Amino acid sequence: MNVDKAVLAFAGCVVLLGLALGTYVNAYWYLLTAFAGLNMLQAAFTGFCPAAIIFKKLGLGSGCAFS
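Laid out in structure tokens, this is it:
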């Protein structure tokens, strides 16, 4: 698995977790989903993604998007 796929998988998990917690625990958890979406949007324009930096430090290989 490379960094790009790991970032997408992590973002998907955060979105699904935020939706589940928002539905079953408290509506404020939807803010986690909003945060994930905003982070993905800014990463698309700036190329800066904190999760990609962490995954690189963990030893995952570079992909096309976050090289």
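Take the sequence shown: its letter number 67 is residue 67 in the working numbering, and every next letter is one higher. In this text, a Cβ means the ideal position worked out from N, Cα and C, and glycines have one as well. Remember, predicted model here, so these are calculated numbers, not experimental data.
Scanning its chain for C-beta atoms nearer than 6 Å, with the 5 sequence neighbours on each side dropped, one finds around A43 the residues C49, in chain order. Sequence-distant partners of F55 (beyond 5 residues in either direction) whose C-beta falls short of 6 Å from its own C-beta, in its chain, are V3, A6. Beta bridge pairing from DSSP links G61 with N2. Shown here for A11: same chain residues with a beta carbon closer than 7 Å to its own, the five before and five after excluded, namely A36, M40 in chain order. The residue from A20, K57, L58, A52 with its alpha-carbon nearest to that of T33 is A20.
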